[in-house]
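Contents: one structure, followed by commentary.
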Amino acid sequence: RGIREELGNVSLLLFLYVLQGIPLGLAGSVPLILQSRNVSYSDQAFFSFVFWPFSLKLLWAPLVDSLYFRRFGRRKSWLVPSQYLLGLFMIFLSGTVDRLLEGGDGPQVVPLTAVFFMLAFLAATQVGYRGASPRARHACPPDLCALPLPSGHRRGRLGPDHAVQGERGLRLHLQLRGPDGRILPGQRALPGAGVGGLLQQVPQGGAPGRGHRHPVGYGAPGAGQRAPGGTALLTVVSAVLSAPDFLFFWGMVFLVSTTLVAILKRENAEGGGGRGVQEETQGVTETYKLLFSIIKLPSVFTFCVLLLTAKVGFSAADAVTGLKLVEAGVPKETLALLAVPLVPLQILLPLAISKYTAGPRPLDVFHKAFPFRLLMGLEFALLVWWTPSVRQQGGFPVYYYATILLSYALHQVALYSMYVACMAFHAKVSDPLIGGTYMTLLNTVTNLGGNWPSTVALWMVDPLTSKECRGAAGQSCSSAAAAELCAGAGGACVTTLDGYYVESVVCVAIGLLWWAWLGKKMKGLQGRSPEAWKCQ
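Position 467 of the sequence shown, counted from 1, bears residue number 467 in UniProt numbering, the numbering being contiguous throughout.
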């Protein structure tokens, strides 16, 4: 296949990744907007379920892989309807977003969660699923196989592109203007990282970004790294549009581009040298049986348990820090924009770290970076505690934002070290006969291991927080109703113990115990024979 054809195919695939990042980026903006509306952390926890579809898509992925219209195309059978629905949902949301965010009684969290959950569900579905066939020998993440665009020998180069392009879509909402003319904040959506709208987490299967949170807000460094090229131009488009106009514009882009793909793009047989290799797909039942047989392997089961518990120690820093900075008065718009200077770092880090994870023991890097990332969680807590004392009448001094930037950069080094090491180990142990299914399973478990601790961390902030009513004798602040009575009596609720600090200390303690005990067990998995990871 000629280089021009390859470039066209790769460009189309990257464009589809950008589109996928649009709804995820929009969802990633909402938590900071909700925080500025003074919603409870329980509401934030409820909204965090929006980011779960990428952690659960393995439940319906075999259906996507097995059921399709042969004449229309295996991937287009799901890509086209999913993107049409995404476009229609965004157009519908353009007419209701102001009402949902600016309701008379405050933001309507339940409807917002339902709508954005559907957007994330459709985005997770559209990426497709590949590898259920025993003859699917390419151990590639399912996201890289949404369309059979590049030829087989070039697919391995798509990983960095996936990371870069996904970020372009995820960052489009950074300067989205609200109905009041003010710029609405945003941060990435997707495998848990860091500070304010800035600190998010690592992506799921493909690159740090999707479905993970940064301490600055929701999102993750995975679904894509930010690319300096196209992001600026596309952000200009969003900067001059209101929220409804932004949603309507990208909804129409989804509809038009999907129509063009459906009409003009044909799915070619894979292979080289003139010989097409027919893709085989197992039935739905056989695929679920295959997944179950993989999970039953002692090595895989142990590894999955470790993946599901490894990020508990980071949950407070990743999920709550950014919201606490907004609560402390840091402009959410500024937090979002601070992420831009870190684009080059997030692009180069995976490339630099991969040199140290290419050997037979990639999890050694994971183990070494683990305590450093835990300590960054304590540093974030100190940063939140320090924030009110440096606040000035006109805002915050430059050195404060420089501190945030440096903190986030150091956090990213640890985060990407762990992520790249984990992905390298996934590729190392996956059974090559069922590589796609194997990688999808491990990547999905990795995502879930980052999402559930973050949701729990958000949910526990309010119960762990202690407040007292000052200025009104006999009143308390134990509930919302009690707080209203306190205010009505001329008092004010004052926080005496912030649950975020309690969580930060407890999470780091749990993380250190995990690292000292289970971390060694994870390192030991590298010494098991290849047969221990293969289905018999």
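No residue lacks a Cβ here, since even glycine has one placed at the ideal position from N, Cα and C.
- Burial check for Gln392: the Cβ neighbour count within 10 Å stays below 16, so the residue is exposed.
- Counting C-beta pairs with one atom in each stretch, the stretch 252-262 and the stretch 9-22 have three or more that are closer than 8 Å, which means they touch.
- Taking a cut-off of 8 Å for Cβ pairs, the stretch 379-387 and the stretch 325-336 touch, as three or more such pairs fall below it.
- The beta-carbon separation of Ala492 and Arg470, rounded to 6 Å, stays under the 8 Å limit for a contact.
- Looking at Tyr500, Phe366, Lys76, Ser430, the one whose alpha-carbon comes closest to that of Tyr419 is Phe366.
- In chain order, Gly313, Pro371, Leu374 place their CB closer than 8 Å to the CB of Leu512, counting only its own chain and leaving out the 5 sequence neighbours on each side.
- In the DSSP annotation of this structure, the continuous segment of the beta strand (DSSP E) that includes Ser466 starts and ends at 466-470.
- Taking C-alpha positions only, Lys311 is separated from Phe72 by approximately 42 Å.
- For Val340, no alpha helix (DSSP H) encloses it, and the DSSP letter there is neither H nor E.
- DSSP assignment within the stretch 422-461 yields no whole beta strand (DSSP E) run of 3 residues or more.
- When the five nearest sequence neighbours on each side are left out, the beta carbons in the same chain lying within less than 8 Å of the beta carbon of Leu518 are those of Leu306, Thr309, Ala310, in order along the chain.
- Looking at the DSSP output, Gln392 sits in a beta bridge with Gly395.
- Runs of the alpha helix (DSSP H) lying entirely within the stretch 316-367 and spanning at least 4 residues, in chain order: 332-337, 343-357.
- Leu58 places its beta carbon less than 8 Å from that of Thr444.
- The Cβ-Cβ distance between Leu405 and Pro341 falls below 8 Å.
- With a cutoff of 8 Å on beta-carbon distance, Leu335 and Tyr41 are scored as not near each other.
- Listed in chain order, the alpha helix (DSSP H) elements of length 4 or more contained wholly in the stretch 14-95 are 41-47, 53-56, 61-66, 76-94.
- The stretch 104-113 and the stretch 26-39 touch, with no fewer than 3 CB-CB distances between them shorter than 8 Å.
- By the C-beta criterion, the stretch 347-362 is judged to be in contact with the stretch 411-418, since at least 3 inter-stretch pairs fall below 8 Å.
- Pairing Phe92 with Leu119 gives a Cβ-Cβ distance that is not under 8 Å.
- Annotation for Leu323: Gln35 place their beta carbon closer than 6 Å to its own, counting only its chain and skipping 5 residues before and after.
- The three-state secondary structure of Leu297, taken from DSSP, is coil.
- Contact between Val494 and Lys467 is confirmed by a C-beta separation of about 6 Å, below the 8 Å threshold.
- Secondary structure note for Leu101: its alpha helix (DSSP H) is the uninterrupted segment 97-101.
- Between Leu79 and Val284, the C-beta spacing is not below 8 Å.
- Residue environment analysis places Lys520 among the exposed positions, since fewer than 16 neighbouring C-beta atoms fall within 10 angstroms of its C-beta.
- Taking 8 Å as the cut-off, the Cβ atoms of Asp431 and Lys296 do not count as close.
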